[in-house]
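Remarks on the structure that follows.
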Amino acid sequence: MCPERGPAEYTEEHIRLLTDVEAVRRRPQMYSGGTDSRGLHGLLFSLVTDSLHEIMRASGRALSVTLHADNSVAIADDRAPVFEELSLESVFTQWHGFGPGPNGLYLGTYLTVNALSAELNVCVRTDGSVYQHTFRRGVTHAVLQSGGPSNDRGLTIRFRPDPLIFGELQFDSGMIRDMLRQYAFLHSGVRISFTDESAGAHDKFEFSDGIRAYVQLLDTNRTPIHPDVIVIRGEQAGIDYEVGLQWCEEDEICTSFANDYYMPTGGTHVRGTRTGVTKAINRFIRTRMIGERPVQGDDARAGLTAIISVRLEDPIFISAARTNLGNPEVEHVIASRVEQELLRLFEVNPEVAERVVRRAILERDLREAAHAARKSLRLKKRKQ
């Protein structure tokens, strides 16, 4: 029998209603992805991602990041601010999902960064006015409004991570530099600069065709079998896509992104690209190389360097860490567009088609020969 319960000892007096800032500080791992180096840098990169999304929406052109000697970081851009109907205090201290950019602005980015900062200062420049708001550990410390140039606009956020949350962790200048260059590859025409005050270093990144430049960078020490990077880009069914492809003599490299987040385990956009590549090569074999046998997916992708970037309104990420894209509609769109564009390229550039398809056929023959050799060896071993 279960023992009889005694008088209730838990009442509403034991319940404490936390503010949004207090909730984030109580369980920072739930909102920042951790209190280690990954979580620390995640605060910065989430702000940069949101800024770039708004730059795309509002026709901005530039973003700068400055790493200061006190381990604070400032992110500044020239986009039109998005806080017209929301006060700065509510934006940085309450949960909000807002903004018409790709997937809007990530729910809680500003609140999370503010709550986990020892100090955060935000400066909004718009319509000839400058609004500044300073927070300490998520709570308003000072508010200032002043005049400014009538044509100046943009947002600057400077924050210093709270040692009570992150200990003595320091920002990694090299990691920040590499990530900002990656963002520049994904946002053609946007100028991204990085300054490390302690090292006295300053870098600028801007690419007229970032996806093409990204593939070229990855192939620096590889041996391409065709000279030009194949770039497939466009928009269909609310999905913006950019795919860069180049076949080489070496092994396959595939790097993918969804809404600017790196997808280390791929997802539907990667599967769609691979399906489109395989279908295009096999259709070419079927229509132009009568009697030749089809290839498998691994054969078609042998030596392929691929950069895949998609942006969509409502991404489905397989895990909270955003490592894999799950939207099924993306796979169909990307597969169809990659197949069609590759076939069109093969039609107008038969030399590239010949090299790519012959590379896949060679890989198929090597795979089948290796399989036959293993099978023969097993039979010999059994007879011994």
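Under the UniProt record's numbering, the very last position in the sequence shown is 384; numbers go up by exactly one each time. We treat Cβ as the ideally placed atom computed from N, Cα and C, and that holds for glycine.
message: Which complete beta strand (DSSP E) runs does the segment 254-325 hold, if anything under 3 residues is left out?
response: 304-311
message: According to DSSP, simplified to helix, strand and coil, what is residue 393?
response: Outside the shown range of the chain, which is 1 to 384, sits residue 393, and nothing can be said about it.
- request: Consult DSSP for D77 and reduce its assignment to one of helix, strand or coil.
  value: strand
field: Simplified DSSP assignment, three categories, for H141
entry: strand
- prompt: Between G99 and C254, what straight-line distance do the alpha-carbon atoms span, to the nearest angstrom?
  reply: For G99, the predicted model reports a pLDDT of 45, less than 50, meaning its position is unreliable; a value from the coordinates is still stated below. Roughly 31 Å separates the two Cα atoms.
- request: Could you have a look at N121 and say whether DSSP puts it in helix, strand or coil?
  value: strand
field: C-alpha gap between W247 and V65, whole angstroms
entry: 35 Å
message: Closer than 8 Å is the cut-off here; do at least three beta carbon pairs connect the segment 147-166 with the segment 118-125?
response: yes
- request: Count the CB pairs spanning the segment 191-203 and the segment 49-68 that are closer than 8 Å, and state whether there are at least three.
  value: yes
message: If you measure between the beta carbons of R311 and N259, is that distance less than 7 Å?
response: yes
message: For P227, report the span of its beta strand (DSSP E) as first-last.
response: Taken as a continuous stretch (DSSP letters only), P227 belongs to no beta strand (DSSP E), as it is neither H nor E.
Spatial neighbours of L44 in its chain, beta-carbon cut-off 6 Å, leaving aside the 5 residues before and after: V73
query: Leaving out five residues before and five after N71 in sequence, what residues of the same chain have Cβ atoms less than 8 Å from its Cβ?
result: R160, P161, Q170 and F171
message: Measuring straight from C-alpha to C-alpha, what distance separates L366 and L325?
response: 33 Å
task: Quick one: give me the first and last residue of the beta strand (DSSP E) that F159 is part of.
output: G154 to P161
field: Which listed residue (G128, L88 and S129) has its alpha carbon closest to that of Y110
entry: L88
task: For my contact list, S336 and G276 are in at a C-beta cut-off of 8 Å; report their separation, rounded to the angstrom.
output: 7 Å
- request: Locate the beta strand (DSSP E) running through R364, then write down its first and last residues.
  value: From DSSP, R364 is part of no beta strand (DSSP E) but of the alpha helix (DSSP H) over P350 to K383.
task: Within the segment 158-202, note down every full beta strand (DSSP E) run reaching 3 residues or more, in order along the chain.
output: 191-196
query: When the Cα atoms are used, what is the spatial distance from residue 419 to A373?
result: In the structure as shown, the chain starts at 1 and stops at 384, and residue 419 therefore has no counterpart that could be examined.
message: Whole angstroms are fine: how far does the CA of R364 sit from the CA of S376?
response: 18 Å
query: Roughly how many angstroms separate the alpha carbons of S175 and H14, rounded to a whole number?
result: Checking the sequence, you will find Met at residue 175 rather than Ser. When rounded, the distance between both Cα atoms is 45 Å.
field: In DSSP terms, what S64 is bridged to
entry: A76 and S193
field: Inter-residue spacing [alpha-carbon to alpha-carbon] between D203 and D78
entry: 18 Å
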